[in-house]
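Data block below; observations after.
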Amino acid sequence: MHSPWVGVDLATDQIAWARLVRCAHDVALSGRGVPPVVRAVIVRSWERCVEAGVDPERPAPRVLDKRETEQRLYVHPLAGVLPPVRELLVEVAQDARHLVVLGDAEGLLLWSEGHSGMVEAAAEAHFTPGCLCSEQGIGTNALGTSLALDHAVQVFSAEHFNRLLYGWTTSSAPIHDPETGELLGAIGLLGSFRRAHPHTLALVSAAARLAETGLADRQASRDRALHARYLDLVARSRPGRSALVKRGGRVLAATPPGWVGERLELPAVTGEVTLDGGPRLAVEPLGAEGSIVWDAGARRDPPRPRLEVSALGRDQAVVEVLSRRIVLARRHSELVVLLALHPRGMSGEQLAHALYGKRGREVTVRAEMARLRRRLGPLVASQPYRLVADVRADFLEVQWLARRGAIAAARAAYVGPLLPASDVPAIAAARARLERACPGRPWRLHRPARAATPMQPSLPA
6 MHSPWVGVDL ATDQIAWARL VRCAHDVALS GRGVPPVVRA VIVRSWERCV
56 EAGVDPERPA PRVLDKRETE QRLYVHPLAG VLPPVRELLV EVAQDARHLV
106 VLGDAEGLLL WSEGHSGMVE AAAEAHFTPG CLCSEQGIGT NALGTSLALD
156 HAVQVFSAEH FNRLLYGWTT SSAPIHDPET GELLGAIGLL GSFRRAHPHT
206 LALVSAAARL AETGLADRQA SRDRALHARY LDLVARSRPG RSALVKRGGR
256 VLAATPPGWV GERLELPAVT GEVTLDGGPR LAVEPLGAEG SIVWDAGARR
306 DPPRPRLEVS ALGRDQAVVE VLSRRIVLAR RHSELVVLLA LHPRGMSGEQ
356 LAHALYGKRG REVTVRAEMA RLRRRLGPLV ASQPYRLVAD VRADFLEVQW
406 LARRGAIAAA RAAYVGPLLP ASDVPAIAAA RARLERACPG RPWRLHRPAR
456 AATPMQPSLP A
């Protein structure tokens, strides 16, 4: 074997080699040292297992139940690239009597699929979704060891620290975030040691590269949507220097180009900051992916306060402004959503018709707007009624992404229907548009508890 990462080669007699390695493992566990036939990468893994107190007879511990595991997979970055990986590996695994497994960076198994015989064998060792299959969980195995070493590796028969895995050969390769290099998880193949083949390591390595390519493509799509949004905001803002900075610090765009360099490590705060004696910067988050940085010294007028509105998947909107979180009543939620949908404002007559139909009266709207203004203060203006703030609403974000063709990003941001209990026609129409843009997206509704809750602070008028 030329590579230290491969457990067998084409000339290996699997039966004889398995017997020899099993004898070596028994000697090592008896405390009489490790015979030289054992690969160095395996010896170091056994040492880590002994140091961690791993029981070589015990199956992997279960950490999550089936529902929790499915939820963990659903939100994991690798969920979006699982289909092409599955297409590459599962049919091969079925034909070769193997099992395909996917684990997160901690070694928690998130998904498996393959030949029924290996599914049953894996169940005996608890090498199943929801179980911890790291080295600390079940000892030396390709998935756990590839995560520990951040390198693709194959483990043969009794090279596994756990005797429950003696009958296996496992091959696994780690998967990284292509932008940050962060370790996200690993993809592996499990099969009988009698069917061990060196090419399974190359196959899982190719699957890992395929996953990373898919992640890069999805990231590029999100970057394009973020860049388009940045250009749109810059076009509507006052002239001045600005930059779009990704969450990891990479400068995606700058106006003018290059004024902040290629990377800018921002503190986890918003507002004005000064970095290393450089220019004074105003930092504004742009969704979860990044921030806009403005040259604060060149901005002559103070920016408008920002109003965050969350109205997807909940009957009562939640607004955040000036570090305060306010849960609005249902009618006030409808008013805020309508005004957010009409940034130029609405007259009292328009609001009355939108809320109450033909029977609507402006005097009723004036009373509701007065009560809303007591909650939001000067952020609510009249003649026409409008929100005097930089409004960032979750439903507007989905709408904006969908209009620009960033459907995957729109679906990810679409966490539920817009004010699902509202029967206001304009809101129902907006709700239907969002549903058409993101069909079939599952969600969980945010229902406020019926018990009395402390009153939310209002803003000064």
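Residue numbers (this note's numbering): 6 to 466.
All residues carry an ideal CB built from backbone N, CA and C; glycine is no exception.
Handout entry: For Asn167 and Val420, the rounded distance between their alpha carbons
Key = Taking the first residue of the sequence shown as 1, we reach residue 420 at position 415. Taking the first residue of the sequence shown as 1, we reach residue 167 at position 162. Rounded to whole angstroms, Val420 and Asn167 show a C-alpha spacing of 42 angstroms.
Exercise for the section: Could you give the DSSP three-state label for His181: helix, strand or coil? Expected result: Numbered from its first residue, the sequence shown carries residue 181 at position 176. Strand, per DSSP.
Handout entry: Endpoints, the alpha helix (DSSP H) within which Gln141 is located
Key = The residue you call residue 141 lines up with position 136 of the sequence shown. Looking at the DSSP string, the run of the alpha helix (DSSP H) that includes Gln141 is Glu140 to Ile143.
Practice task
Using 10 angstroms around the beta-carbon of Pro179, count the other beta-carbons present and answer buried if the total reaches 16, otherwise exposed.
Solution key: Mapped onto the sequence shown, residue 179 falls at position 174. A residue is called buried when at least 16 other Cβ atoms come within 10 angstroms of its Cβ; Pro179 meets this threshold and is buried.
Problem - Segment limits, beta strand (DSSP E) that includes Leu188 - result: On the sequence shown, position 183 is the one that residue 188 refers to. Leu188 to Ser197 is the span of the beta strand (DSSP E), which, as asked, contains Leu188.
Handout entry: Span of the beta strand (DSSP E) around Ser313
Key = Sequence index remark: in the sequence shown, residue 313 carries index 308 (1-based). Looking at the sequence shown, residue 313 is not Ser but Glu. Run containing Glu313: Arg311 to Ser315, per the beta strand (DSSP E) assignment.
Handout entry: Ser151 - DSSP class collapsed to helix/strand/coil
Key = As a first step, residue 151 must be located in the sequence shown, where it is residue number 146. Here Ser151 carries a helix assignment [DSSP, helix/strand/coil].
Practice task
Would you mind reading off the limits of the beta strand (DSSP E) that contains Lys251?
Solution key: Translated into the one-based positions of the sequence shown, residue 251 becomes position 246. For Lys251, the enclosing beta strand (DSSP E) begins and ends at Ser247 to Lys251.
Problem - Nearest-angstrom beta carbon gap, Ser226 and Thr150 [assumed within contact, 8 angstroms] - result: If you number the sequence shown from 1, residue 150 lands on position 145. If you number the sequence shown from 1, residue 226 lands on position 221. In fact, because the Cβ distance is near 34 angstroms, the residues do not count as touching under 8 angstroms.
Exercise for the section: Look at the Cβ atom of Gly38, then the Cβ atom of Val32, and state whether they are nearer than 9 angstroms. Expected result: By one-based count along the sequence shown, residue 38 stands at place 33. By one-based count along the sequence shown, residue 32 stands at place 27. Yes, these two residues count as a Cβ contact at 9 angstroms.
Exercise for the section: Confirm the yes/no value for this check: CB of Val288, any heavy atom of the ligand ATP, distance under 8 angstroms. Expected result: The model depicted lacks the ligand ATP and carries no ligand whatsoever.
Handout entry: C-alpha gap between Gly266 and Asn146, whole angstroms
Key = Counted from its first residue, the sequence shown places residue 266 at position 261. Counted from its first residue, the sequence shown places residue 146 at position 141. Distance between the alpha carbons of Gly266 and Asn146 is about 44 angstroms.
Problem - Tyr235 (DSSP reduced to helix, strand or coil) - result: Taking the first residue of the sequence shown as 1, we reach residue 235 at position 230. Residue state for Tyr235 is assigned as helix, using DSSP reduced to three classes.
Handout entry: Distance CB(Glu313)-CB(Lys251) smaller than 9 angstroms
Key = Position 308 of the sequence shown, counted from the first residue, corresponds to residue 313. Position 246 of the sequence shown, counted from the first residue, corresponds to residue 251. Cβ distance not < 9 angstroms, so Glu313 and Lys251 don't count as in contact.
Handout entry: CA nearest to the CA of Arg408, picked from Ala442, Val385 and Gly193
Key = Mapped onto the sequence shown, residue 408 falls at position 403. Sorting Ala442, Val385 and Gly193 by C-alpha distance to the C-alpha of Arg408 places Ala442 at the top.
Handout entry: Helix, strand or coil at Leu34 according to DSSP, with G and I counted as helix
Key = Translated into positions along the sequence shown, residue 34 becomes position 29. Correct three-state label for Leu34: helix.
Practice task
Measure the alpha-carbon distance for Asp228 versus Ile297 and round it to whole angstroms.
Solution key: Looking up residue 228 in the sequence shown gives position 223. Looking up residue 297 in the sequence shown gives position 292. About 13 angstroms.
Problem - Classification of Ile20 by the beta-carbon crowding that lies within 10 angstroms, buried from 16 upward - result: Start at 1 with the first residue of the sequence shown, and residue 20 comes out as number 15. Taking a 10 Å sphere around the C-beta of Ile20, we find fewer than 16 other C-beta atoms and assign the residue as exposed.
Practice task
Report all residues from its chain with a CB closer than 7 angstroms to the CB of Leu401; omit the five preceding and five following residues, and keep chain order.
Solution key: One-based indexing of the sequence shown puts residue 401 at position 396. Only Ala345 meet the Cβ criterion.
Exercise for the section: Look at the Cβ atom of Leu384, then the Cβ atom of Ala212, and state whether they are nearer than 9 angstroms. Expected result: As a first step, residue 384 is located in the sequence shown; it is residue number 379 there, counting from the start. As a first step, residue 212 is located in the sequence shown; it is residue number 207 there, counting from the start. No. Outside cutoff.
Problem - Beta carbon of Cys54 nearer than 9 angstroms to that of Gln141 - result: As a working note, residue 54 is residue 49 in the sequence shown. As a working note, residue 141 is residue 136 in the sequence shown. Yes, the Cβ-Cβ distance between Cys54 and Gln141 is below 9 angstroms.
Exercise for the section: Indicate the three-state DSSP secondary structure (helix, strand or coil) for Asp300 in the structure shown. Expected result: Mapped onto the sequence shown, residue 300 falls at position 295. Asp300 sits in a strand when the DSSP states are folded into three classes.
Handout entry: Length of the line joining the Cα atoms of Ala301 and Leu286
Key = Taking the first residue of the sequence shown as 1, we reach residue 301 at position 296. Taking the first residue of the sequence shown as 1, we reach residue 286 at position 281. Ala301 and Leu286 have their C-alpha atoms spaced approximately 5 angstroms apart.
Practice task
Would you tell me roughly how many angstroms separate the C-alpha atoms of Glu416 and Arg223, rounded to the nearest one?
Solution key: By 1-based counting over the sequence shown, the position of residue 416 is 411. By 1-based counting over the sequence shown, the position of residue 223 is 218. Residue identity differs from the one stated: residue 416 is Arg in this sequence, not Glu. Going from the Cα of Arg416 to the Cα of Arg223 covers about 13 angstroms.
Practice task
Just confirm the distance between the C-beta atoms of Leu137 and Gly112, as a whole number of angstroms; I'd bet it's less than 8 angstroms.
Solution key: Taking the sequence shown and counting its residues from 1, one reaches residue 137 at position 132. Taking the sequence shown and counting its residues from 1, one reaches residue 112 at position 107. Between the beta-carbon of Leu137 and that of Gly112 there is about 6 angstroms, and that keeps the pair under the 8 angstroms contact cut.
Handout entry: Cα-Cα separation between Val326 and Ala386, rounded to whole angstroms
Key = Stepping through the sequence shown from its first residue, residue 326 is reached at position 321. Stepping through the sequence shown from its first residue, residue 386 is reached at position 381. Straight-line measurement puts the Cα of Ala386 at about 16 angstroms from the Cα of Val326.
Problem - Bridge partners - Phe161, DSSP secondary structure assignment - result: In the sequence shown, residue 161 corresponds to position 156, counting from 1. Phe161 is bridged to Thr174.
Problem - Exposed unless 16 or more other CB atoms sit within 10 angstroms - verdict on Arg305 - result: Taking the sequence shown and counting its residues from 1, the one referred to as residue 305 is at position 300. Interpretation of Arg305 is limited by its pLDDT of 46, a score under 50 that renders its predicted location unreliable; the figure taken from the coordinates is listed afterwards. Arg305 is classed as exposed because its beta carbon has fewer than 16 other beta carbons within 10 Å across all chains shown.
Exercise for the section: Given a cut-off of 9 angstroms, decide if Ile143 and Val59 are closer than it, judged by their beta-carbon atoms. Expected result: Numbered from 1 along the sequence shown, position 54 holds the residue referred to as residue 59. Numbered from 1 along the sequence shown, position 138 holds the residue referred to as residue 143. Their beta carbons are under 9 angstroms apart, which means Val59 touches Ile143 by this criterion.
Practice task
Return the CA-CA distance between Met460 and Met351, expressed in angstroms with no decimal places.
Solution key: Stepping through the sequence shown from its first residue, residue 460 is reached at position 455. Stepping through the sequence shown from its first residue, residue 351 is reached at position 346. For Met460, the predicted model reports a pLDDT of 33, less than 50, meaning its position is unreliable; a value from the coordinates is still stated below. Computed Cα separation, rounded: 29 angstroms.
Exercise for the section: Note down, in chain order, each residue of its chain lying with its Cβ closer than 7 angstroms to the Cβ of Ala65, except the 5 sequence neighbours on either side. Expected result: For this step, residue 65 is matched to residue 60 along the sequence shown. The beta carbon of Ala65 sits closer than 7 angstroms to the beta carbons of Ala130, His131, Phe132, Cys136, Leu137, Cys138, Gly142 and Ile143 from its chain, once the five residues preceding and following it are set aside; these are given in chain order.
Practice task
Check each candidate in Ile412, Arg397, Glu367 and Asp399 and name the one with the smallest Cα separation from Tyr390.
Solution key: Numbered from 1 along the sequence shown, position 385 holds the residue referred to as residue 390. Per the Cα distances, Glu367.
Practice task
State yes or no: is the C-beta of Gly219 within less than 9 angstroms of the C-beta of Ala110?
Solution key: Stepping through the sequence shown from its first residue, residue 219 is reached at position 214. Stepping through the sequence shown from its first residue, residue 110 is reached at position 105. Taking 9 angstroms as the Cβ cut-off, Gly219 and Ala110 do not qualify as a contacting pair.
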